[in-house]
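**Student:** Residues 1439 to 1641 in the numbering used here are what the sequence shown spells out, letter by letter. Glycine included, each C-beta is placed from N, C-alpha and C at the ideal position. The structure displayed is predicted, hence computed values, not measured ones.
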Amino acid sequence: MIPARGGDDDPGTKRETQSPMKKITFSLSEVYRLLEPGPVVLVTTTRAGRANVMPMSWHLMMEFEPPLVGCVVSNRNYSFASLKATRECVINIPTVELAETVVACGNSSGRRVDKFMAFGLTPVAAACVKAPLIAECYASLECKVRDVKLAAQYNFFILEVVQAWVDPARKRPRTIHYQGEGEFMVAGRTLHLPSPKTSLSGK
Ligand SMILES: Cc1cc2nc3c(=O)[nH]c(=O)nc-3n(C[C@H](O)[C@H](O)[C@H](O)COP(=O)(O)O)c2cc1C
1439 MIPARGGDDD PGTKRETQSP MKKITFSLSE VYRLLEPGPV VLVTTTRAGR ANVMPMSWHL
1499 MMEFEPPLVG CVVSNRNYSF ASLKATRECV INIPTVELAE TVVACGNSSG RRVDKFMAFG
1559 LTPVAAACVK APLIAECYAS LECKVRDVKL AAQYNFFILE VVQAWVDPAR KRPRTIHYQG
1619 EGEFMVAGRT LHLPSPKTSL SGK
């Protein structure tokens, strides 16, 4: 289990008697659960005319523009070979309403299942790549594989977003963030604070 986050001070204990170090050791195999990444996404690929969907949470932004995204796609997954062979995909961003579908897609493989059909997802033709957008997701990013140098050793791909789509009606999309062991955090409150990126762009 992840230790409870914050708010665990005991009001009955005097501050000066508390040890400043409250942490205990944490299993290395569970470290990934602490470094919570961005939203879980649904990566679509198309190979031999057949589209597939893979949930993914291990991704990171690497550059503003052109947007570069690094991601880990396990070589045990059907999507690994598709991504390597076709060098393109779409990163679709689902919201909490699709959480169960996300898990269902993660518990099955495109080797055996047509996930669009099985889980009621609607493919929409993309503008720049063969892989489809998913209509039910609030945003979709068409990507070309930019770099596979680390794919053999780390299953790591660098993608360039070449076309992005967002539903303007969804003002506060409640994305889901995977914390391992079947736990998801749902995006909530938004804070507006100055940051280097917003200052630089003059917003
Ligand atoms: C919430 C969630 C996040 C996941 N994140 C990743 C990931 O970052 N990389 C990965 O290779 N697999 C990830 N998986 C596992 C794959 O989605 C799963 O193995 C899937 O069945 C692969 O599908 P495919 O064989 O059709 O490609 C995740 C699964 C879930 C449910």
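Which runs of the alpha helix (DSSP H) fall wholly inside the segment 1459-1494 and span at least 4 residues, in chain order?
**Tutor:** Fully enclosed alpha helix (DSSP H) runs of 4 or longer: not present.
**Student:** Going by Cα to Cα distance, which pick from 1471, 1466 and 1578 is closest to residue 1616?
**Tutor:** Within the sequence shown, numbered from 1, the residue matching residue 1616 stands at position 178. When only C-alpha atoms are compared, the closest one is 1471.
**Student:** Closest to residue 1574 by CA distance: which of 1475, 1479 and 1633 is it?
**Tutor:** In the sequence shown, the residue the question calls residue 1574 occupies position 136. That would be 1479, whose Cα lies nearest to the Cα of residue 1574.
**Student:** Which of the three DSSP states, helix, strand or coil, is assigned to residue 1457?
**Tutor:** Residue numbering aside, residue 1457 sits at position 19 when the sequence shown is read from its first letter. DSSP places residue 1457 in coil when its eight states are reduced to three.
**Student:** Select from 1489, 1473, 1627 and 1464 the residue whose C-alpha is nearest the C-alpha of residue 1570.
**Tutor:** Within the sequence shown, numbered from 1, the residue matching residue 1570 stands at position 132. Minimum Cα distance to residue 1570 is reached at 1489.
**Student:** Could you please give the first and the last residue of the uninterrupted alpha helix (DSSP H) stretch that includes residue 1591?
**Tutor:** The sequence position of residue 1591 within the sequence shown is 153, counting from 1. Unbroken alpha helix (DSSP H) run through residue 1591: 1589-1592.
**Student:** Taking 7 Å as the cut-off, is the beta-carbon of residue 1470 closer than that to any non-hydrogen atom of ligand 1?
**Tutor:** The sequence position of residue 1470 within the sequence shown is 32, counting from 1. No, since every heavy atom of ligand 1 falls outside the 7 Å radius drawn around the Cβ of residue 1470.
**Student:** I'd like to confirm something about residue 1508: is its beta-carbon nearer than 7 Å to some heavy atom of ligand 1, or not?
**Tutor:** For the purposes of this step, residue 1508 is taken as the residue at position 70 of the sequence shown. Outside the cutoff, so no.
**Student:** I'd like to know whether the C-beta atoms of residue 1493 and residue 1598 end up nearer to each other than 8 Å.
**Tutor:** Sequence index remark: in the sequence shown, residue 1493 carries index 55 (1-based). Sequence index remark: in the sequence shown, residue 1598 carries index 160 (1-based). In this structure, residue 1598 does not lie closer than 8 Å to residue 1493 by Cβ.
**Student:** For residue 1523, I'd like the list of residues in its chain whose CB is within less than 8 Å of its CB, leaving aside the five on either flank, ordered along the chain.
**Tutor:** Residue 1523 sits at position 85 when you count from the first residue of the sequence shown. The answer, listed in chain order, is 1485.
**Student:** Between the alpha carbons of residue 1440 and residue 1465, how many angstroms are there, rounded?
**Tutor:** Your numbering for residue 1440 matches position 2 in the sequence shown. Your numbering for residue 1465 matches position 27 in the sequence shown. Residue confidence for residue 1440 is low, a pLDDT of 41 falling below 50, so the modelled location carries little weight; the figure read from the coordinates is stated next. Spanning the two alpha carbons is a distance of roughly 10 Å.
**Student:** Per DSSP, residue 1605 is paired with what?
**Tutor:** On the sequence shown, position 167 is the one that residue 1605 refers to. DSSP output for residue 1605 lists no bridge partner at all.
**Student:** Hey, how far is the Cα of residue 1531 from the Cα of residue 1576?
**Tutor:** The residue labelled residue 1531 in the question sits at position 93 within the sequence shown. The residue labelled residue 1576 in the question sits at position 138 within the sequence shown. Straight-line Cα distance between these residues: approximately 6 Å.
**Student:** Return the chain-ordered list of same chain residues with a C-beta closer than 7 Å to the C-beta of residue 1502, the five sequence neighbours on each side being excluded.
**Tutor:** Reading the sequence shown from its first residue, position 64 is the one you call residue 1502. Within the same chain, residue 1502 has no close Cβ partners at all.
**Student:** In chain order, what residues of the same chain lie with their CB nearer than 8 Å to the CB of residue 1498, ignoring the 5 residues before and after it?
**Tutor:** If you number the sequence shown from 1, residue 1498 lands on position 60. If we look at residue 1498 and ignore the five residues flanking it on each side, its Cβ neighbours are 1475, 1476, 1507, 1508 and 1509.
**Student:** Quick one: grab the DSSP three-state call for residue 1538.
**Tutor:** What you label residue 1538 is simply residue 100 of the sequence shown in a count that begins at 1. In the structure shown, residue 1538 sits in a helix (DSSP, three-state: H, G or I).
**Student:** Buried or exposed, going by whether 16 or more other CB atoms sit within 10 Å of the CB of residue 1566?
**Tutor:** By one-based count along the sequence shown, residue 1566 stands at place 128. Exposed, because fewer than 16 other Cβ atoms sit within 10 Å of the Cβ of residue 1566.
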